[in-house]
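There are 2 protein chains.
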Amino acid sequence: MSVTPAYAVPHLTTALSGPLQAIERRFLERQADIEHWFRSQWLTTPAPFYASVDLRNAGFKLAPVDTNLFPAGFNNLNVAFRPLATQAIQTAAERLVETACNILLIPEDHSRNQFYLANLATLKGMLEMAGFQVRLGSLDPELKAPVELAAGAEVLIKEPLIRRGNRLGVEGFDACLVLLNNDLSSGRPEILDGLEQPLVPPPALGWSNRLKSDHFAHYHRVAQEFGALVELDSWLLDPLFRKCGEIDFQKRSGEDCLVQNVGAVLKEIAQRYQEHNIDQQPYVIVKADAGTYGMNIMTVHDAEQVRELNRKQRNKMAKGKGGAAVRQIMIQEGVYTFETWGDSGAVAEPVVYMIDHFVVGGFYRVHTGRTAHDNLNAPGMHFEPLAFDDCCASPNRAAGPGAHENRFYAYGVVARLALLAAARELRMVNST
Amino acid sequence: MSVTPAYAVPHLTTALSGPLQAIERRFLERQADIEHWFRSQWLTTPAPFYASVDLRNAGFKLAPVDTNLFPAGFNNLNVAFRPLATQAIQTAAERLVETACNILLIPEDHSRNQFYLANLATLKGMLEMAGFQVRLGSLDPELKAPVELAAGAEVLIKEPLIRRGNRLGVEGFDACLVLLNNDLSSGRPEILDGLEQPLVPPPALGWSNRLKSDHFAHYHRVAQEFGALVELDSWLLDPLFRKCGEIDFQKRSGEDCLVQNVGAVLKEIAQRYQEHNIDQQPYVIVKADAGTYGMNIMTVHDAEQVRELNRKQRNKMAKGKGGAAVRQIMIQEGVYTFETWGDSGAVAEPVVYMIDHFVVGGFYRVHTGRTAHDNLNAPGMHFEPLAFDDCCASPNRAAGPGAHENRFYAYGVVARLALLAAARELRMVNST
Numbered sequence: 001m002s003v004t005p006a007y008a009v010p011h012l013t014t015a016l017s018g019p020l021q022a023i024e025r026r027f028l029e030r031q032a033d034i035e036h037w038f039r040s041q042w043l044t045t046p047a048p049f050y051a052s053v054d055l056r057n058a059g060f061k062l063a064p065v066d067t068n069l070f071p072a073g074f075n076n077l078n079v080a081f082r083p084l085a086t087q088a089i090q091t092a093a094e095r096l097v098e099t100a101c102n103i104l105l106i107p108e109d110h111s112r113n114q115f116y117l118a119n120l121a122t123l124k125g126m127l128e129m130a131g132f133q134v135r136l137g138s139l140d141p142e143l144k145a146p147v148e149l150a151a152g153a154e155v156l157i158k159e160p161l162i163r164r165g166n167r168l169g170v171e172g173f174d175a176c177l178v179l180l181n182n183d184l185s186s187g188r189p190e191i192l193d194g195l196e197q198p199l200v201p202p203p204a205l206g207w208s209n210r211l212k213s214d215h216f217a218h219y220h221r222v223a224q225e226f227g228a229l230v231e232l233d234s235w236l237l238d239p240l241f242r243k244c245g246e247i248d249f250q251k252r253s254g255e256d257c258l259v260q261n262v263g264a265v266l267k268e269i270a271q272r273y274q275e276h277n278i279d280q281q282p283y284v285i286v287k288a289d290a291g292t293y294g295m296n297i298m299t300v301h302d303a304e305q306v307r308e309l310n311r312k313q314r315n316k317m318a319k320g321k322g323g324a325a326v327r328q329i330m331i332q333e334g335v336y337t338f339e340t341w342g343d344s345g346a347v348a349e350p351v352v353y354m355i356d357h358f359v360v361g362g363f364y365r366v367h368t369g370r371t372a373h374d375n376l377n378a379p380g381m382h383f384e385p386l387a388f389d390d391c392c393a394s395p396n397r398a399a400g401p402g403a404h405e406n407r408f409y410a411y412g413v414v415a416r417l418a419l420l421a422a423a424r425e426l427r428m429v430n431s432t
Numbered sequence: 001m002s003v004t005p006a007y008a009v010p011h012l013t014t015a016l017s018g019p020l021q022a023i024e025r026r027f028l029e030r031q032a033d034i035e036h037w038f039r040s041q042w043l044t045t046p047a048p049f050y051a052s053v054d055l056r057n058a059g060f061k062l063a064p065v066d067t068n069l070f071p072a073g074f075n076n077l078n079v080a081f082r083p084l085a086t087q088a089i090q091t092a093a094e095r096l097v098e099t100a101c102n103i104l105l106i107p108e109d110h111s112r113n114q115f116y117l118a119n120l121a122t123l124k125g126m127l128e129m130a131g132f133q134v135r136l137g138s139l140d141p142e143l144k145a146p147v148e149l150a151a152g153a154e155v156l157i158k159e160p161l162i163r164r165g166n167r168l169g170v171e172g173f174d175a176c177l178v179l180l181n182n183d184l185s186s187g188r189p190e191i192l193d194g195l196e197q198p199l200v201p202p203p204a205l206g207w208s209n210r211l212k213s214d215h216f217a218h219y220h221r222v223a224q225e226f227g228a229l230v231e232l233d234s235w236l237l238d239p240l241f242r243k244c245g246e247i248d249f250q251k252r253s254g255e256d257c258l259v260q261n262v263g264a265v266l267k268e269i270a271q272r273y274q275e276h277n278i279d280q281q282p283y284v285i286v287k288a289d290a291g292t293y294g295m296n297i298m299t300v301h302d303a304e305q306v307r308e309l310n311r312k313q314r315n316k317m318a319k320g321k322g323g324a325a326v327r328q329i330m331i332q333e334g335v336y337t338f339e340t341w342g343d344s345g346a347v348a349e350p351v352v353y354m355i356d357h358f359v360v361g362g363f364y365r366v367h368t369g370r371t372a373h374d375n376l377n378a379p380g381m382h383f384e385p386l387a388f389d390d391c392c393a394s395p396n397r398a399a400g401p402g403a404h405e406n407r408f409y410a411y412g413v414v415a416r417l418a419l420l421a422a423a424r425e426l427r428m429v430n431s432t
């Protein structure tokens with residue numbers, strides 16, 4: 001644990017590592033200022049209960065591309081850091097319910113996904129290790145009796161929710177905290193409205209309500225404030241984006257907006273690349289503004305590409321998780337991933353996990369069949385998770401920029417900037 | 001880390017492990033109740049900033065024998081758990097000063113002790129890793145200029161304290177938190193009185209003010225409450241004790257009180273041993289009621305032994321750290337250590353470290369030249385520290401009592417009971 005073997009950390013292509021080391025160097029120099037700033041931010045905008053942030057590391061740029069408030073990969077974390085998660089859960093729960101005891105965990109209902117069930121078993125185990133009684137309650141109105149789910153060697157029991165007045169529980173179990181691990185893609189169920197118990201994260205931040213572009217608008221301001229603090233061009237941490245309102249890929253309505261905005265973002269990236277002497281081809285990611293699971297994602301290098309989509313591509317873009325029609329579209333600067341793993345040069349994308357405002361670990365999505373500018377969380381995609389060998393909170397000034405622990409610290413800083421953007425979304429939701 | 005190699009954990013003599021497994025089993029069964037109870041306790045009595053607790057594990061009994069509010073062995077902890085300490089420091093500091101930035105650390109002044117300097121370097125590094133600027137300020141009024149101290153490869157700089165009005169700092173450094181790592185054995189310096197900044201732990205809990213018997217009186221009540229909660233005879237976690245007022249070993253005054261109380265404690269232990277079918281010889285530890293560093297400690301198996309002390313033994317008992325004359329004496333039930341290490345059967349005593357109310361690690365004091373009923377923190381004693389391979393917060397019900405992680409969890413529970421007793425001392429001090 002204290003020694004990170006070289007083979008356990010993806011390789012950052014050295015030709016591009018100079019400017020990244022500039023980011024790391026600045027973070028190391030300003031560590032005390034950065035942590036002090038975060039502390040003051042969490043006071044006015046408390047962090048969500050948990051979150052995971054997908055990062056892309058282009059060497060010259062390190063930026064979040066997605067922030068998930070219902071993280072579903074706890075099983076991919078290094079078990080060595082389990083105590084860190086336990087401690088963070090205790091802090092988070094104490095803040096919410098001073099003497100919390102029973103936690104009702106509401107999972108996703110795609111019960112056959114073994115990866116998700118492994119996540120659920122891990123999350124339940126972490127909550128129990130923190131000293132809570134945990135039961136699983138299902139949002140599926142068809143579920144009338146407890147059902148057993150095999151998660152590896154472990155058996156999880158999912159039970160029908162029971163609402164008595166404004167209290168939610170399951171048979172014989174009165175929860176003092178309700179924890180959502182269901183992103184509510186298919187809408188906000190009434191059974192969660194007006195609960196007496198704290199319900200986290202709030203359903204208003206489920207994917208049926210939340211827009212990625214809102215998150216990245218908050219993130220943009222966070223990155224600017226942070227950039228001013230550490231005297232760093234905030235673009236180095238912030239992916240450019242634009243959005244289009246009503247798009248119908250099948251009917252081809254709204255296409256002009258899309259072509260125009262894709263072109264505008266590509267042009268702005270090109271300008272930034274020129275400013276920073278970066279010899280790479282700009283590209284953008286076109287994705288649904290609401291939704292998750294990497295559906296409806298398209299890599300575009302040229303605005304005209306959007307007009308040339310074939311029928312199959314249009315169908316793919318037109319449907320989201322749970323069959324939701326895609327209407328709002330976000331065009332986000334593509335950030336290259338220049339971290340590779342193993343002899344095959346498989347592309348590796350870091351994912352950072354946080355509980356409350358603490359980084360508790362992370363993993364790399366390692367995908368052998370993809371290139372540096374592909375999205376690594378694409379539909380039906382299979383990745384190999386590679387657990388971080390570090391918890392992102394152990395910077396080592398003596399080791400200098402480029403050392404693994406300092407690269408991990410940089411991940412942790414940028415992930416917490418995204419967490420802060422999510423905290424600001426949360427504040428907006430709570431104040432309305 | 002997830003796998004604890006057998007060789008890294010002391011062996012608990014198996015003939016005696018039955019009753020201990022009873023303690024562990026109860027802790028495992030009641031884990032959620034225990035953690036819930038601790039949470040509610042910390043609400044009314046916040047934990048001290050940090051503490052270390054010396055435990056003794058007799059197999060049938062697991063009890064604290066000393067609680068140090070100025071822990072000095074951070075260098076002995078497993079570096080793998082450093083992130084846990086970092087996170088706990090952040091939580092503790094946020095509770096004290098919402099936007100704490102600069103920490104003034106006040107160390108002991110026995111600057112030649114390499115073990116202490118290693119502790120200091122580790123503690124400073126942990127505070128820095130948590131994102132604070134840290135400087136060392138000395139209580140030594142003779143120190144007029146900064147002095148360099150070599151702590152292994154690292155150089156620490158200790159500076160003269162500067163007090164401006166009611167703010168304490170060092171040259172060019174205004175602290176927002178003052179952290180004492182000096183147990184104030186030689187008295188409470190005026191320079192610490194009436195500070196504007198939070199000063200932790202409060203000087204009133206320094207050894208010049210604090211009595212071990214007060215701590216164990218609080219601990220006795222904590223153990224009774226906890227015993228009622230988990231339905232366990234609280235004696236299994238609580239060392240019996242009595243105290244004597246004015247004792248002068250050299251003048252032999254107060255000797256009758258000592259003989260009488262030693263006899264009374266020995267008799268009570270014998271009764272308890274009989275109740276629990278324990279075939280061991282009772283013994284007591286006679287020690288100074290105020291003081292630290294294991295000075296003035298005597299193992300006694302028979303009350304008359306006290307009358308038969310020779311001149312050298314009397315002199316040893318008569319002096320404490322910093323030359324303080326020993327006046328008040330505590331007679332504490334001797335708790336056997338039945339944990340041994342390696343082929344030589346070296347005795348191992350667990351020490352648990354906590355920051356705020358979180359267990360952040362621990363180590364065994366392993367001493368080859370001692371027996372099961374000796375005190376392992378005796379004058380001039382050298383021990384080999386053996387870092388815990390576990391952070392005491394990862395109980396594993398599937399593994400059952402006797403598994404290493406469950407033994408470590410039991411250590412963590414009992415250490416936190418002692419921490420709670422210290423928190424109650426703290427509340428008494430703060431309310432006066």
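Protein sequence lines, in the order shown, are assigned to chains A and B.
Using our numbering, the letters of the first sequence correspond one by one to residues 1 to 432.
Using our numbering, the letters of the second sequence correspond one by one to residues 1 to 432.
Ideal placement from N, C-alpha and C gives every residue a C-beta, glycine not left out.
The model shown is predicted, which means the values in this text are computed figures rather than measured ones.
Helix, strand or coil for A:SER394, going by three-state DSSP, please let me know.
In the first sequence, the residue the question calls residue 394 of chain A occupies position 394. Coil, per DSSP.
At the level of alpha carbons, what is the spacing between A:ALA410 and B:PHE74?
In the first sequence, residue 410 of chain A corresponds to position 410, counting from 1. In the second sequence, residue 74 of chain B corresponds to position 74, counting from 1. The straight-line gap from Cα to Cα measures roughly 26 Å.
Since B:ALA121 and B:GLU154 are thought to touch, with beta carbons under 8 Å apart, how far apart are those beta carbons, to the nearest angstrom?
Taking the first residue of the second sequence as position 1, residue 121 of chain B is located at position 121. Taking the first residue of the second sequence as position 1, residue 154 of chain B is located at position 154. The C-beta distance from B:ALA121 to B:GLU154 rounds to 5 Å, short enough to meet the 8 Å contact threshold.
Looking at the C-beta of B:HIS404, does it have a partner C-beta in chain A at a distance below 8 Å?
Here residue 404 of chain B refers to the residue found at position 404 when the second sequence is read from its first residue. Not one beta carbon of chain A lies nearer than 8 Å to the beta carbon of B:HIS404.
In whole angstroms, what is the alpha-carbon distance linking A:PRO198 and B:TRP42?
Start at 1 with the first residue of the first sequence, and residue 198 of chain A comes out as number 198. Start at 1 with the first residue of the second sequence, and residue 42 of chain B comes out as number 42. As the crow flies, the alpha-carbon of A:PRO198 is around 21 Å from that of B:TRP42.
Note down, in chain order, each residue of its chain lying with its Cβ closer than 8 Å to the Cβ of A:LEU237, except the 5 sequence neighbours on either side.
Residue numbering aside, residue 237 of chain A sits at position 237 when the first sequence is read from its first letter. Only ILE23, LYS61, LEU62, ALA63, ALA223, PHE226, GLY227, VAL414, LEU417 meet the Cβ criterion.
Throw me the rounded Cβ distance for the A:PRO395 and A:GLN31 pair, which I believe falls under 8 Å.
For this step, residue 395 of chain A is matched to residue 395 along the first sequence. For this step, residue 31 of chain A is matched to residue 31 along the first sequence. Distance from A:PRO395 to A:GLN31 at the Cβ level is roughly 6 Å; contact confirmed, criterion being Cβ atoms closer than 8 Å.
Between the alpha carbons of A:ASP140 and A:ILE278, how many angstroms are there, rounded?
Taking the first sequence and counting its residues from 1, the one referred to as residue 140 of chain A is at position 140. Taking the first sequence and counting its residues from 1, the one referred to as residue 278 of chain A is at position 278. Rounded to whole angstroms, A:ASP140 to A:ILE278 spans 50 Å at the Cα level.
Along the stretch 78-106 of chain B, what residues have a CB closer than 9 Å to any CB found in chain A?
Of all residues in the stretch 78-106 of chain B, ASN78, VAL79, ALA80, PHE81, ARG82, PRO83, LEU84, THR86, GLN87, ALA88, GLN90, THR91, ALA93, GLU94, GLU98, THR99, ALA100, CYS101, ASN102 have a Cβ within less than 9 Å of some Cβ in chain A.
Please report the straight-line C-alpha distance between A:SER253 and A:ILE247, rounded to a whole angstrom.
Locating residue 253 of chain A in the first sequence gives position 253, where the first residue counts as 1. Locating residue 247 of chain A in the first sequence gives position 247, where the first residue counts as 1. Rounded to whole angstroms, the separation of the alpha carbons of A:ILE247 and A:SER253 is 6 Å.
Looking only at its own chain, which residues have a Cβ that is under 7 Å from the Cβ of A:LEU266, when we skip the five neighbours before and after it?
Within the first sequence, numbered from 1, the residue matching residue 266 of chain A stands at position 266. Correct list, in chain order: PRO282, VAL284, ALA303.
Sorted by chain position, which residues of the same chain lie with C-beta nearer than 6 Å to B:ALA130's C-beta, five sequence neighbours on each side aside?
Taking the first residue of the second sequence as 1, we reach residue 130 of chain B at position 130. If we look at B:ALA130 and ignore the five residues flanking it on each side, its Cβ neighbours are THR86, ILE89, GLN90.
I'd like to check one pair, B:ALA399 with B:ASN406: are the Cβ atoms closer than 8 Å?
In the second sequence, residue 406 of chain B corresponds to position 406, counting from 1. In the second sequence, residue 399 of chain B corresponds to position 399, counting from 1. Going by C-beta atoms, B:ASN406 is nearer than 8 Å to B:ALA399.
Among A:VAL230, A:LEU192, A:LEU180, A:LEU104, the one whose alpha carbon lies nearest that of A:GLY172:
Against the first sequence, residue 172 of chain A aligns to sequence position 172. When only C-alpha atoms are compared, the closest one is A:LEU104.
Inside the stretch 204-264 of chain B only - beta strand (DSSP E) runs reaching at least 3 residues
As far as the stretch 204-264 of chain B is concerned, its whole beta strand (DSSP E) runs of at least 3 residues are 241-244.
Collapsed DSSP secondary structure at B:TYR116 in the structure displayed:
The sequence position of residue 116 of chain B within the second sequence is 116, counting from 1. Helix, per DSSP.
Checking contacts by CB at 8 Å: is B:GLU441 closer than that to chain A?
In the structure as shown, chain B starts at 1 and stops at 432, and residue 441 of chain B therefore has no counterpart that could be examined.
Would you mind listing the beta strand (DSSP E) stretches within the stretch 169-199 of chain A that are 3+ residues and don't spill past its ends, in chain order?
Here the runs fully enclosed are 177-181.
Residue of A:LEU161, A:ASN78, A:ARG112, A:VAL147 minimising C-alpha distance to A:MET126:
Translated into the one-based positions of the first sequence, residue 126 of chain A becomes position 126. Closest by alpha carbon: A:ASN78.
Given a limit of 7 Å on CB to CB distance, which residues of the stretch 108-129 of chain B reach chain A?
Against chain A - using a Cβ distance shorter than 7 Å - the residues of the stretch 108-129 of chain B are MET129.
Just verifying my parser: in three-state terms, what is the DSSP assignment at B:LYS158?
For the purposes of this step, residue 158 of chain B is taken as residue 158 along the second sequence, with counting starting at 1. Strand, per DSSP.
Pull up the DSSP beta-bridge partners for A:TRP341, would you.
The residue labelled residue 341 of chain A in the question sits at position 341 within the first sequence. DSSP lists A:ALA346 as partners of A:TRP341.
Within the stretch 69-100 of chain B, ranges of the alpha helix (DSSP H) (whole runs, at least 4 residues):
Secondary structure remark: continuous alpha helix (DSSP H) runs of at least 4 residues inside the stretch 69-100 of chain B, in chain order: 82-96.
Against chain B: residues of the stretch 357-369 of chain A by CB proximity under 8 Å
Taking 8 Å as the cut-off between beta carbons, the residues of the stretch 357-369 of chain A near chain B are PHE358, in sequence order.
Using a Cβ-Cβ cutoff of less than 6 Å, which residues in the same chain neighbour A:PHE115 once the five nearest sequence positions on both sides are dropped?
Here residue 115 of chain A refers to the residue found at position 115 when the first sequence is read from its first residue. If we look at A:PHE115 and ignore the five residues flanking it on each side, it has no Cβ neighbours.
In terms of residue numbering, what span does the alpha helix (DSSP H) encompassing A:LYS422 cover?
Here residue 422 of chain A is taken as the residue at index 422 of the first sequence, counted from 1. Checking the displayed sequence, the identity of residue 422 of chain A turns out to be Ala instead of Lys. Residues 404-430.
Under a CB-based cut-off of 8 Å, is A:LEU28 close to chain B?
The count along the first sequence starts at 1 and reaches residue 28 of chain A at position 28. No, A:LEU28 lies away from the interface with chain B (no Cβ there is under 8 Å from its Cβ).
Which chain A residues sit within Cβ distance under 9 Å of B:LEU43?
Translated into positions along the second sequence, residue 43 of chain B becomes position 43. Within chain A, the residues near B:LEU43 are GLU94, GLU98, THR99.
Tell me whether the beta-carbon of B:LEU84 lies closer than 8 Å to the beta-carbon of B:VAL360.
Along the second sequence, read from residue 1 onward, the residue named residue 84 of chain B stands at position 84. Along the second sequence, read from residue 1 onward, the residue named residue 360 of chain B stands at position 360. It is a contact, given that the beta carbons lie within the stated cut-off.
Nearest chain A C-beta to B:GLN197 closer than 8 Å, yes or no?
Locating residue 197 of chain B in the second sequence gives position 197, counting from the first residue. With 8 Å as the cut-off, B:GLN197 does not count as an interface residue toward chain A.
Please classify A:THR44 as buried or exposed, where buried requires at least 16 neighbouring CB atoms within 10 angstroms.
Taking the first sequence and counting its residues from 1, the one referred to as residue 44 of chain A is at position 44. A:THR44 sits exposed, since fewer than 16 C-beta atoms from the chains shown fall within 10 Å of its C-beta.
Among A:ALA93, A:LEU136, A:LEU309, the one whose alpha carbon lies nearest that of A:LEU255:
Taking the first sequence and counting its residues from 1, one reaches residue 255 of chain A at position 255. According to the sequence as given, residue 255 of chain A is Glu; it is not Leu. Per the Cα distances, A:LEU309.
Rounded C-beta distance between B:LEU136 and B:GLU108? I'm assuming under 8 Å.
Residue mapping note: residue 136 of chain B aligns to position 136 of the second sequence, counting from 1. Residue mapping note: residue 108 of chain B aligns to position 108 of the second sequence, counting from 1. Separation of the CB atoms of B:LEU136 and B:GLU108 is rounded to 11 Å, and the pair is thereby denied contact status at 8 Å.
Report yes or no: is there a C-beta of chain A within less than 8 Å of the C-beta of B:CYS391?
By 1-based counting over the second sequence, the position of residue 391 of chain B is 391. It does; some Cβ of chain A falls within 8 Å.
Can you pull the chain B neighbours of A:TYR40, defined as C-beta to C-beta under 8 Å?
Start at 1 with the first residue of the first sequence, and residue 40 of chain A comes out as number 40. Here the sequence assigns Ser to residue 40 of chain A, which means Tyr is not the residue at that position. Within 8 Å Cβ-Cβ: GLU98, THR99.
Alpha-carbon spacing of A:PRO379 relative to A:MET298, whole angstroms
For the purposes of this step, residue 379 of chain A is taken as the residue at position 379 of the first sequence. For the purposes of this step, residue 298 of chain A is taken as the residue at position 298 of the first sequence. For A:PRO379, the pLDDT reaches just 49, beneath the cut-off of 50, and the residue's location in the model is therefore unreliable, leaving the point undetermined.
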